[in-house]
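Okay, structure first, notes after.
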Amino acid sequence: MTVEQRKPPRNLNLRLRRALGGRAGWGGFVAQLAFVAFLAWLGYEIYSNAQANLQSQRIATGFGFMQNTAGFAVSQALIPYQESDSYTRVFVVGLLNTLLVSVIGIIFATVLGFIVGLGRLSPNWLMSRLAGGYVELIRNLPLLFQILFWYLAVLATLPAPRQSVSLFGMFFLNNRGVIVPKPIGEAGFEPFLFALLTAILGSIALGVVARRRLFATGQRLKVWPFVLGMLFGLPLVSVLIFGKPVSFEMPVLRGFNFASGSRLIPEFVALLIALSTYTAAFIAEIVRAGVLSVHKGQMEAGASLGLSRGAALRLIVVPQALRVILPPLTNQYLNLTKNSSLAVAIGYPDLVSVFAGTTLSQTGQAIEIIAITMGVYLLISLVTSAIMNFYNWRISRSLAR
Amino acid sequence: MTIAGGSLDQTPAFVRRELVAERPAPVPTTGALAWIRWRLLSSPTSILLTIVSALLLWYTLAPAVKFLLIDAVWQGNDRDACLADNVGRTVGACWPFVRAKLQQFMYGFYPQNQLWRVNLVFLLAIMLLIPLLIPRIPGKTLNACLFFLALPVVAFFLLYGGGIKGFGISWLVDLLEALCASVAEAGRRLRVTGGGIGWPGISQLLALLGLAIAGIGEGLLLLLTPLTWLRETLALSTHPVWYDLALTAGVICALVFGLSRSLRATAACLAVFAGIAGVIAALGLQRGGLPIVGTREWGGMLVTLVVSVTGIVASMPIGMALALGRRSQFPLIRAFSIIFIEFWRGVPLITVLFFATYMLPLFMPQGFGIDGMMRVLVGVALFSGAYNAEVIRGGLAAVPRGQGEAANALGLSYWKTTGLIVMPQALRHVIPGLVNSFIALFKDTTLVQIVAIFDLLGQLRASFADPNWATPSTLFTGFAFAGIIYFAFCFAMSRYSLFVEGRLNAHRRS
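Just so you know, the sequences run in chain order A and B. Numbering that gives the first Met the number 0 applies: residue 0 is where the first sequence begins, and numbers increase by one. Numbering that gives the first Met the number 0 applies: residue 0 is where the second sequence begins, and numbers increase by one.
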């Protein structure tokens, strides 16, 4: 005999109270109303004050200025840019420069951070102390201090181009920046790229097939020879057929400066070094905490199941450590991107420097420009945290199963 | 029986006939040699790592020591003392440069004859801070109140100078008057704009609403007349500040006694006002106080400490309010807190400083000048308030649910539950987190130089431009000096944070 579940009594008053005031009832509703009224009053005050101030200072409003001619030069631009271009193009140039230094910085910081983090865990006393000293030193000095140190004390005191410090005869350090070989695309570039892409996609597909097979039948397919063959073979074939993809133009000293090769401006180099070493120290701590968070019984359990040390590391320790490492790691990537705004202190033309700096002082339209700049960073943060939340959701779903 | 009764040569084959040779002693696991073998040379990889690390260490540490100590120049009056040609050897750090610029690094361009004010503030802060940091010393509540509430006010009047013209009553009346006037003004404008909108119905409704709001504002202003009269009378009296203070003290202590019926609370209230009177008398605030030193003349370590300490002190209440708001049961307050926190956490501090410097003055009423330093402080407080909110929220989440429920069961209200039961425990949990966020803030204060306020790093950068001290080693000397100061502060704080963490987790130690 089944007892029919009784429905809760319909009490309109109760529901309304609950919906409007939460658990605190009508009192809560009134409190919220007062809060909203206060916010509305504040917003109104700000709005009316801003309007009055803008009028009295004769500052234009609206986003029309974005189409005006910028009229200033930018020392590094990834897209063609000249002084007669509009502020919109300045914005894009700045944003691309921010993204460039962030992406390269993230790559360097990750590599260095993992090396230092694993070095700290090393049983070798000297190595772990050295890594620990690095982390303590870097983390306890302000980032701006480090940027200025690299820029003013290290890079600016390098010799003039004629006496450049040469690394392997390919890279030249001098007080105008770093001269590196310039890659030039050749005829075989596009086929090479296509071959590489095909190889990567093919490898992923093979991996997925092998995984499905393993889960379905328990048979382990040996795919790595094929993957390696594809990754190296396909590009090689393309090079053999279509010719080499890139050639490098070597820097040559001519007169007082380098005639060929491409020059990385010192601002970029200083910012990149400071950002990647600074963030690497934080990443090292994250990596260390992540590896230590895996209980040592896990490794022992793997060994007792007959897994080799490498297999136990790869299949048991690393996945668990990565789950701990990834969220704070993403946070550090975000921090690096936000910290790249310190570029303004040394004049690297990033978003804040050229847009919230030069453009703001030329047009005076503080509200619009700062709102756009903050909006860009906010968007980057929100998108990253959305991806992170999705990742966490997937992890928790797979753990719940 | 064969073994026991038989002779020696009848012993069976499995019994040993001679002693086994001594085995070599095991590899020692204690002592210096064993330690070196175990921790430095245990495997080929380890040997390689040791060599690499030793080389790295040698190539970084040796030049640093050589530069800072061995090759350093210690005496001198200008750049000539630090030029290699004059000294006749390689020149390392040029310490006379730091000695010559030390006052600038510490105080910026604060007037020479007023420096005692800064030193007094530093001294007061240290005297209040040290007992606050040592867990064994009692009286933490009083100490914290003095440090977080009294010190900022005293420090303001000491560092900036200036006096007061009235006290609580006058300020309250000023504030209420401005508020009511703003409401009335908003109502009048709404009426005008409402009349301007072409839509019938809506425009009448808006105009009516505006009229009502304006009426409310004017009515409140009328209600305030007795108070405004009181303010005018006080202002015209012989000792406006003292009379106002006495009146304020009387009203507030009477209120405290009336509400709590506790002599202790009333005595505490009286003591607070006596303290305030003491400060006013000592600094002569009723007579205009100390001469004003504008924030443009501040600089160096003074600015670094003012910005970071004000930032952390001001961000605490903001952080607590936002953390509570984020856990609030009211959806609107919760949504507002989340948006506020995530907004400030999502943008870099530089854009916040730009916002505070260029946008904030536009939001203020016309003619209301806001000091450059003040703008930065507002920006920093909002920024670190959002970060602290997340730290404190972590602490709130760590307090077991049962604590709040037990307080509810005892009949405590929300505010009493929060203020007496939940928040104290939460704050205890997050002291390490707060210290860490203070370290971050301390490091981030270097950014204020971008909006033309010269903190320690800004002064350092400015001092490089001095032609009197332009030598090849000046740059490195300056960076070494500033680096040592920053490192000492941050390292000490991080060790303190670890120490507190260890104390808090004492029960978990194995």
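The C-beta atom is built at its ideal place from N, Cα and C for all residues, glycine as well.
List, in chain order, every chain B residue whose beta-carbon is nearer than 9 Å to that of A/Pro326.
If you number the first sequence from 1, residue 326 of chain A lands on position 327. By Cβ distance, chain B contributes nothing, its closest Cβ being about 14 Å from A/Pro326, past 9 Å.
Below-7 Å beta-carbon distance, A/Trp124 vs any chain B residue:
Residue 124 of chain A sits at position 125 when you count from the first residue of the first sequence. Yes, its Cβ sits closer than 7 Å to a Cβ of chain B.
Can you tell me where the alpha helix (DSSP H) holding A/Arg262 begins and where it ends?
Counting from one through the first sequence, the residue named residue 262 of chain A turns up at place 263. Note, A/Arg262: premise wrong, no alpha helix (DSSP H); beta strand (DSSP E) at 261–263.
CA-CA distance, B/Val312 and A/Leu125?
Mapped onto the second sequence, residue 312 of chain B falls at position 313. Mapped onto the first sequence, residue 125 of chain A falls at position 126. Looking at the two C-alpha atoms, the distance is approximately 41 Å.
Tell me which same chain residues have a C-beta within less than 6 Å of the C-beta of B/Thr294, skipping the five on either side of it?
Position 295 of the second sequence, counted from the first residue, corresponds to residue 294 of chain B. Here B/Thr294 has Asp370, Met372 as same chain residues with Cβ atoms under 6 Å from its own Cβ, once five neighbours each way along the sequence are excluded.
Based on Cα-Cα distance, which residue from B/Ala61, B/Ile136, B/Leu222, B/Ser45 lies nearest to A/Leu120?
One-based indexing of the first sequence puts residue 120 of chain A at position 121. The shortest C-alpha separation from A/Leu120 is found at B/Ser45.
Per DSSP, A/Lys403 is paired with what?
Only positions 0 to 400 of chain A appear in this structure, which leaves residue 403 of chain A out of reach.
By the 9 Å beta-carbon criterion, what residues does the region 201–214 of chain B contribute toward chain A?
none
Just the chain A side, please: which residues come within less than 7 Å of B/Pro364 by C-beta, in chain order?
On the second sequence, position 365 is the one that residue 364 of chain B refers to. The contacting residues are Asn48.
By the 9 Å beta-carbon criterion, what residues does the region 438–450 of chain B contribute toward chain A?
Residues passing the 9 Å Cβ filter: Ile438, Phe441, Lys442, Asp443, Thr444, Thr445, Leu446, Gln448, Ile449.
Of all the alpha helix (DSSP H) runs that stay within the bounds of the region 330–403 of chain B, which reach a length of 4 or more residues?
330–345, 348–353, 359–362, 371–397
If you follow the beta strand (DSSP E) that B/Phe453 is in, where does it begin and where does it stop?
Taking the first residue of the second sequence as position 1, residue 453 of chain B is located at position 454. No beta strand (DSSP E) contains B/Phe453, which DSSP labels as neither H nor E.
What does a CB cutoff of less than 7 Å around B/Ala185 pick up in its chain, not counting 5 residues either side in sequence?
Residue mapping note: residue 185 of chain B aligns to position 186 of the second sequence, counting from 1. Ile212, listed in sequence order.
What did DSSP end up calling B/Asn504 once you bin it into helix, strand or coil?
Taking the second sequence and counting its residues from 1, one reaches residue 504 of chain B at position 505. For B/Asn504, the secondary structure class from DSSP, reduced to helix, strand or coil, is coil.
Among B/Thr247, B/Thr89, B/Val302, nearest to B/Ala154 - alpha-carbon criterion
Taking the first residue of the second sequence as 1, we reach residue 154 of chain B at position 155. The shortest C-alpha separation from B/Ala154 is found at B/Val302.
Residues bridged to A/Thr278 (per DSSP):
Reading the first sequence from its first residue, position 279 is the one you call residue 278 of chain A. Per DSSP, none; premise fails for A/Thr278.
Measure the alpha-carbon distance for A/Val375 versus A/Thr329 and round it to whole angstroms.
Within the first sequence, residue 375 of chain A is the residue found at index 376, counting from 1. Within the first sequence, residue 329 of chain A is the residue found at index 330, counting from 1. Each residue's alpha carbon lies about 18 Å from the other.
Residue-level contact to chain B via CB, A/Leu111, 7 Å cutoff:
Translated into the one-based positions of the first sequence, residue 111 of chain A becomes position 112. By this cut-off, A/Leu111 is not an interface position.
Along chain A, which residues have their Cβ under 7 Å away from the Cβ of B/Gly482?
Translated into positions along the second sequence, residue 482 of chain B becomes position 483. Near B/Gly482 (Cβ distances below 7 Å), the residues of chain A are Leu140, Phe144.
I'd like to know if A/Gly116 contacts chain B, where contact means its C-beta is closer than 7 Å to some C-beta of that chain.
Looking up residue 116 of chain A in the first sequence gives position 117. It does not: the Cβ of A/Gly116 has no partner Cβ on chain B nearer than 7 Å.
Can you tell which of A/Ile105, A/Gly131, A/Ala72 has the C-alpha that lies nearest to the C-alpha of A/Gly93?
Mapped onto the first sequence, residue 93 of chain A falls at position 94. Among A/Ile105, A/Gly131, A/Ala72, the Cα nearest to that of A/Gly93 is on A/Ala72.
Per DSSP, which residues does A/Arg253 bridge with? Please list them.
The residue you call residue 253 of chain A lines up with position 254 of the first sequence. Beta-bridge pairing links A/Arg253 to A/Asn256.
Taking the alpha-carbon positions, what's the A/Val115 to A/Ile105 distance?
Translated into the one-based positions of the first sequence, residue 115 of chain A becomes position 116. Translated into the one-based positions of the first sequence, residue 105 of chain A becomes position 106. Cα to Cα, the separation comes out at about 15 Å.
Are the CB atoms of A/Pro182 and A/Phe247 nearer to each other than 7 Å?
In the first sequence, residue 182 of chain A corresponds to position 183, counting from 1. In the first sequence, residue 247 of chain A corresponds to position 248, counting from 1. Yes, these two residues count as a Cβ contact at 7 Å.
Could you say if the region 126–140 of chain A and the region 292–310 of chain A meet the contact criterion of at least three C-beta pairs nearer than 8 Å?
Per the Cβ contact rule, the region 126–140 of chain A is not in contact with the region 292–310 of chain A (fewer than 3 Cβ pairs under 8 Å).
Start and end of the alpha helix (DSSP H) containing A/Phe170?
The residue labelled residue 170 of chain A in the question sits at position 171 within the first sequence. First-last for A/Phe170: 170–173, but that is the beta strand (DSSP E), not the alpha helix (DSSP H).
Please go through the same chain and pick out, in chain order, the residues whose beta-carbon is closer than 8 Å to the beta-carbon of A/Leu271, but skip the five residues on each side of it.
The residue given as residue 271 of chain A occupies position 272 in the first sequence. Same-chain partners within the cutoff: Val100, Ile103, Gly104, Phe107.
Return yes when the Cβ of B/Phe166 is within less than 7 Å of the Cβ of B/Leu101, no when it is not.
Position 102 of the second sequence holds residue 101 of chain B. Position 167 of the second sequence holds residue 166 of chain B. Not in contact: B/Leu101 and B/Phe166 (Cβ atoms no closer than 7 Å).
Of the residues B/Tyr58, B/Leu229, B/Pro25, the one placed nearest B/Leu171, counting alpha carbons only
Counting from one through the second sequence, the residue named residue 171 of chain B turns up at place 172. Selected option, being the one with the closest Cα: B/Leu229.
Using a threshold of 7 Å, state whether the C-beta atoms of A/Ile178 and A/Arg313 are closer than that.
Along the first sequence, read from residue 1 onward, the residue named residue 178 of chain A stands at position 179. Along the first sequence, read from residue 1 onward, the residue named residue 313 of chain A stands at position 314. With respect to A/Arg313, A/Ile178 sits apart: the two C-beta atoms are not nearer than 7 Å.
Identify the residues that DSSP records as bridge partners of A/Thr68: which are they?
As a first step, residue 68 of chain A must be located in the first sequence, where it is residue number 69. Note: A/Thr68 sits in a beta bridge opposite A/Ser85.
Tell me the rounded alpha-carbon separation between A/Arg287 and A/Asn48.
As a working note, residue 287 of chain A is residue 288 in the first sequence. As a working note, residue 48 of chain A is residue 49 in the first sequence. Each residue's alpha carbon lies about 52 Å from the other.
When the cut-off is 7 Å and only beta carbons count, does B/Ser52 lie next to chain A?
As a first step, residue 52 of chain B must be located in the second sequence, where it is residue number 53. For B/Ser52, the answer is yes, since a Cβ of chain A falls inside 7 Å of its Cβ.
According to the neighbour-count rule (16 or more other Cβ atoms, all chains shown, within 10 Å of its Cβ), is A/Met373 buried or exposed?
Translated into the one-based positions of the first sequence, residue 373 of chain A becomes position 374. Per the 10 Å Cβ criterion, buried.
Is the shortest distance between the beta-carbon of B/Tyr495 and the beta-carbons of chain A less than 7 Å?
Here residue 495 of chain B corresponds to residue number 496 of the second sequence, with the count starting at 1. Chain A, which has no Cβ nearer than 7 Å to the Cβ of B/Tyr495, makes this no.
Examine chain B for any beta-carbon lying closer than 7 Å to the beta-carbon of A/Ile369, and answer yes or no.
Taking the first sequence and counting its residues from 1, one reaches residue 369 of chain A at position 370. Yes - at least one Cβ of chain B is within 7 Å of the one on A/Ile369.
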